[in-house]
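Asker: Each residue of the sequence shown is one higher than the one before, counting from 1490 in the numbering used here. In this text, a Cβ means the ideal position worked out from N, Cα and C, and glycines have one as well. Okay, here's the structure, questions in a sec.
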Amino acid sequence: MEQINKKLLVLGSQGLVGTAIKRSEIINQKFIVHYSNRAEADLTNKKEVESLFNGVKPNITINCAGKVGGILANNTQRYEFLTENLLINLNLFETLKKYENSLLINLGSSSIYPKNSKFPLKESSLMTGPLEETNSAYSLSKIVGIAMGKAIESNILKTINLIPTNLYGPNDNFDSQSSHVVPGLINKFYKAQENNDAECIVWGSGKPTRELLFVDDLVSALEVIIESNPKEEIINVGSGSEISIKDLANKISLIAGYKGKVVFDTSKPDGVLKKTLDSSIISSLNWSPKVELDDGLKRTYEWYREINNKD
Ligand code: GFB
């Protein structure tokens, strides 16, 4: 990557993806990077968004901010997931369309694709059918964000929507109720092992599969996209391999050294049974994931164990 000396703004700098971007030597050496979090600018507040952009004047914005969460939070806080993300989109695009020649890389979610699409999920399947119910409110807010980007002329703002598969890694939300499956299970098995619990509860039937990607591999996809500036507006990023929730739970149980019984709570939703992405566009740009699932899970577990031991 040549010396660019452009200004790059990262929104959502304290989350899973934002903190992983801080680890990227390529991005931090080649750009003047401004990391912004909620304490600096509340993105649901238009004035705060405008003043952030007026101060930083970024050439490139990476938006990893937003209200995100696992299957239960998506299903039970539907209004909050929909409106908070819509408000962020609106404030962001209203502000960005005042600048010329800017690039926005907007992080999306694989839940934007219809539940009955063919696998692997292609970018072109967007808006071809009904969404999965548990996260349709959140997904709609993400789809509106894509539509807003498309509606602005590209000489003013070019938007690339990066659609990651289920991400995991350090600095994620590990709360047992609101988190995604990997941090949720890491937290549960860690505590079950510490407390010598006879049972550890895993939500759903264990049958759904998920394609998991270690967050640093998403950052390397971001590096490739910034470098190659592709013409595509929507780009999937997946690891190419999937695992059932049952096998995932067993792996995490093993890493935690848990000796009790793994019990499935079928009163909790399964969500979609599968959601593997077609990642041929990003692969054609010479990107491939580097972190194997076993290694990524161990690194994430170790990170979580260390922060718990600090308390
Ligand atoms: O990761 P997750 O919450 O979200 O759940 P989705 C994936 C699967 O893991 C579901 C099961 O079948 C859950 O029932 N699961 C088992 C658990 N134990 C647990 C647990 O302790 N915690 C959690 N969270 N799940 C989300 C969407 O869908 O994926 C979001 O709701 C977003 O909108 C995100 O798109 C990437 O993969 O089902």
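1) Could you check whether the Cβ of arginine 1699 sits closer than 7 Å to any heavy atom belonging to the ligand GFB?
2) Work out the CA separation of arginine 1788 and lysine 1680 for me, nearest whole Å.
3) To test your reading of the DSSP string, which unbroken beta strand (DSSP E) runs of 3 or more residues are found completely within the stretch 1694-1729?
4) Does the distance between the C-beta of valine 1752 and the nearest non-hydrogen atom of the ligand GFB fall short of 7 Å?
5) Once DSSP output is grouped into helix, strand and coil, what is the label at glutamate 1642?
6) Between asparagine 1660 and the rest of its own chain, which residues show a CB-CB distance below 6 Å, the 5 nearest in sequence each way excluded?
7) Tyrosine 1627: buried (16+ other C-beta within 10 angstroms of its C-beta) or exposed?
8) Assign asparagine 1595 to one of three DSSP states: helix, strand, or coil.
9) Determine the direct distance from the alpha carbon of asparagine 1718 to that of glutamine 1518, and round the result to whole angstroms.
10) Quick check: serine 1768 and valine 1726, are their CB atoms within less than 8 Å of each other?
11) For aspartate 1706 versus serine 1728, is the C-beta distance shorter than 8 Å?
12) Please report the distance separating the alpha-carbon of isoleucine 1521 from that of arginine 1527.
13) Under a three-way DSSP split, which group does valine 1557 fall into?
14) Per DSSP, what kind of secondary structure is threonine 1648 in: helix, strand or coil?
15) Going along the chain, which residues of its own chain have a beta-carbon closer than 6 Å to the beta-carbon of glycine 1434, five neighbours each way excluded?
16) Buried or exposed: where does alanine 1673 fall if 16 or more other Cβ atoms within 10 Å of its Cβ makes it buried?
17) Between lysine 1677 and the ligand GFB, is there a pair consisting of the residue's CB and a ligand heavy atom that are separated by less than 7 Å?
18) Could you check whether the stretch 1602-1621 touches the stretch 1561-1576, counting it as contact only if at least three pairs of C-beta atoms, one from each stretch, sit closer than 8 Å?
19) Give every residue whose Cβ lies closer than 5 Å to any heavy atom of the ligand GFB, listed in chain order.
20) For my contact list, glutamate 1716 and serine 1513 are in at a C-beta cut-off of 8 Å; report their separation, rounded to the angstrom.
21) Whose CA, out of Tyr1657, Arg1567, Met1637, Ser1667, lies closest to the CA of tyrosine 1790?
22) Asparagine 1580 and threonine 1843 - do their beta-carbons sit closer together than 8 Å?
23) Apart from the five residues on each side of it in sequence, which residues of its chain come closer than 8 Å, Cβ to Cβ, to serine 1733?
24) What do you reckon, are the CB atoms on leucine 1629 and lysine 1764 nearer than 8 Å?
25) Got a sec, what are the start and stop residues for the alpha helix (DSSP H) valine 1671 sits in?
26) Taking C-beta to C-beta, are isoleucine 1724 and isoleucine 1796 nearer than 8 Å?
Answerer: Quick answer:
1) As a working mapping, residue 1699 is identified with position 210 in the sequence shown. True, at least one ligand heavy atom lies under 7 Å from that Cβ.
2) One-based indexing of the sequence shown puts residue 1680 at position 191. One-based indexing of the sequence shown puts residue 1788 at position 299. Taking the straight line from one Cα to the other gives about 17 Å.
3) 1698-1703, 1723-1726
4) In the sequence shown, residue 1752 corresponds to position 263, counting from 1. Not so, every heavy atom of the ligand GFB lies at least 7 Å from the Cβ.
5) On the sequence shown, position 153 is the one that residue 1642 refers to. Correct three-state label for glutamate 1642: coil.
6) Stepping through the sequence shown from its first residue, residue 1660 is reached at position 171. The answer, listed in chain order, is Leu1505, Thr1508.
7) On the sequence shown, position 138 is the one that residue 1627 refers to. So tyrosine 1627 counts as buried.
8) As a working note, residue 1595 is residue 106 in the sequence shown. Taken through DSSP and simplified to helix, strand or coil, asparagine 1595 comes out as strand.
9) Position 29 of the sequence shown, counting from 1, holds the residue named residue 1518. Position 229 of the sequence shown, counting from 1, holds the residue named residue 1718. Computed Cα separation, rounded: 18 Å.
10) Reading the sequence shown from its first residue, position 279 is the one you call residue 1768. Reading the sequence shown from its first residue, position 237 is the one you call residue 1726. Contact: yes.
11) Taking the first residue of the sequence shown as position 1, residue 1706 is located at position 217. Taking the first residue of the sequence shown as position 1, residue 1728 is located at position 239. Yes; because the gap between Cβ atoms is below 8 Å, this pair is in contact.
12) Counting from 1 along the sequence shown, the entry for residue 1521 is found at position 32. Counting from 1 along the sequence shown, the entry for residue 1527 is found at position 38. Cα to Cα, isoleucine 1521 sits roughly 20 Å from arginine 1527.
13) As a first step, residue 1557 must be located in the sequence shown, where it is residue number 68. In the structure shown, valine 1557 sits in coil (DSSP, three-state: anything other than H, G, I, E or B).
14) Position 159 of the sequence shown, counted from the start, is the residue given in the question as residue 1648. Of the three classes helix, strand and coil, the one that applies to threonine 1648 here is strand, per DSSP.
15) No answer is possible for residue 1434: it lies beyond the span of the chain, which begins at 1490 and ends at 1800.
16) The sequence position of residue 1673 within the sequence shown is 184, counting from 1. A small correction: the amino acid at residue 1673 is glycine; alanine does not occupy that position in the sequence shown. Label assigned to glycine 1673: buried.
17) Locating residue 1677 in the sequence shown gives position 188, where the first residue counts as 1. A distance criterion of 7 Å places the beta-carbon of lysine 1677 in contact range of the ligand GFB, judged by its closest non-hydrogen atom.
18) Touching, no.
19) Gly1559, Ile1560, Asn1563, Ser1598, Ser1600, Asn1624, Tyr1627, Asn1655, His1669, Val1670, Gly1673, Val1691, Trp1692, Gly1693, Pro1697, Ile1734, Asp1759, Gly1760
20) In the sequence shown, residue 1716 corresponds to position 227, counting from 1. In the sequence shown, residue 1513 corresponds to position 24, counting from 1. The Cβ separation is near 12 Å, so there is no contact.
21) Here residue 1790 refers to the residue found at position 301 when the sequence shown is read from its first residue. For tyrosine 1790, the nearest C-alpha among the options comes from Tyr1657.
22) The question about residue 1843 has no answer here: the residues shown for the chain are numbered 1490 through 1800.
23) The residue you call residue 1733 lines up with position 244 of the sequence shown. Cβ within range, chain order: Gly1695, Lys1696, Pro1697, Thr1698.
24) Here residue 1629 refers to the residue found at position 140 of the sequence shown. Here residue 1764 refers to the residue found at position 275 of the sequence shown. Contact flag unset, no.
25) Counting from one through the sequence shown, the residue named residue 1671 turns up at place 182. 1670-1683 is the span of the alpha helix (DSSP H), which, as asked, contains valine 1671.
26) For the purposes of this step, residue 1724 is identified with residue 235 of the sequence shown, where counting begins at 1. For the purposes of this step, residue 1796 is identified with residue 307 of the sequence shown, where counting begins at 1. No, they are not a contact pair.
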